[in-house]
Structure formats: C-alpha cells, structure tokens
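The block underneath contains the structure these notes are about, expressed in structure tokens.
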Amino acid sequence: MKIALYFTCIIILRLIIIYREAIFLKIGNRENVSPQKFFEGKVVKRILIGEKDGAPGFTMRLFTLQPGASTPYHNHSWEHEVFVLEGKLKIRSKNGEEVIESGSFVFVEPDEEHQFVNIDDGPSSFICVVPNYGEQ
Numbered sequence: 089m090k091i092a093l094y095f096t097c098i099i100i101l102r103l104i105i106i107y108r109e110a111i112f113l114k115i116g117n118r119e120n121v122s123p124q125k126f127f128e129g130k131v132v133k134r135i136l137i138g139e140k141d142g143a144p145g146f147t148m149r150l151f152t153l154q155p156g157a158s159t160p161y162h163n164h165s166w167e168h169e170v171f172v173l174e175g176k177l178k179i180r181s182k183n184g185e186e187v188i189e190s191g192s193f194v195f196v197e198p199d200e201e202h203q204f205v206n207i208d209d210g211p212s213s214f215i216c217v218v219p220n221y222g223e224q
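This is how it looks when you write it as structure tokens:
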C-alpha cells in the first residue's frame, strides 16, 4: 500500500512538472541576460523577453543609463511603451522636455522623435516594450 501511494505521488508530481512546462513560462533574472553596451558602456540594453522566447508580438527590453548618459535623439516607425524602474530621466521630444522618475510611464508613438537622458546622480533604468519587428 505504501509503495503504491509513493509511486502515485511520483506520477502526480511528474504530471505537475509536465503541465507547468507546457504553460511555457519564462522566468529569469536580468543579471543572467547578456548586456549590450553602447556609448562606452554608459548605456546598457538587455533583451529580457523576445521572439526567441516564443513572444509572438512584443520584445521587453531593460535599459540602464549611467549618470549623464543618454540615448540618441531619434525616431522610428514603431511605438514603444516605457516604465521607469529607478532614477530620474529627462525625456526630450519635439514638444519639449519632461522629467520622469521611478514609477513613471511613457507611450512613444510611431515616428515620434525622442531621447532619454539620465539626470540622476546614480544609474537610471527603464523597461521598454516594442513590437518584435522593432528589435530586429
């Protein structure tokens, strides 16, 4: 009886593991994602989730800017959504400048010129989500 119960528990646990794997969860930590460094390492981008992970529509990226660092003033044909995790940034656009900080979010429309500048004393980081075709 105990042996049958033991094997039943093993089978149930294996089914739970198989079921969980079938859900296609990706759980990770930013420190385990290879950084792409720009502008002498002052701007770092990590692709957290993307098409290679099975995400059919969007790519989630993490940017970290050192004090005084900025992205280029640019535009592109895709939208992106930004959420500031830490620090204080100035966002520039054709409409002027706005200061954003931890907890702020921004929607950048397609073709809108924009730039992020770290105006904090320490690193600033933000999540930036773009359509997959915007990351290729």
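Quick note on our numbering: the sequence shown kicks off at 89 and runs consecutively. Beta carbons are placed, not taken as given, at the ideal position from N, Cα and C, and that holds for glycine.
- For SER165, the number of other beta carbons within 10 angstroms of its own is below 16, and it is reported as exposed.
- Here the stretch 154-170 lies against the stretch 183-194, with 3 or more beta-carbon pairs under 8 Å apart.
- Rounded to whole angstroms, the gap between the alpha carbons of LEU150 and ILE179 is 16 Å.
- Here PHE126 is actually not in contact with ASN220; their C-beta atoms are around 21 Å apart, not less than 8 Å.
- The residue from GLN154, THR152 and ASN163 with its alpha-carbon nearest to that of ASP199 is ASN163.
- By the Cβ neighbour-count rule, LEU177 is buried, with 16 or more other Cβ atoms within 10 Å of its own.
- Here GLU189 carries a strand assignment [DSSP, helix/strand/coil].
- In the structure shown, GLU119 adopts helical secondary structure according to DSSP, grouped into three states.
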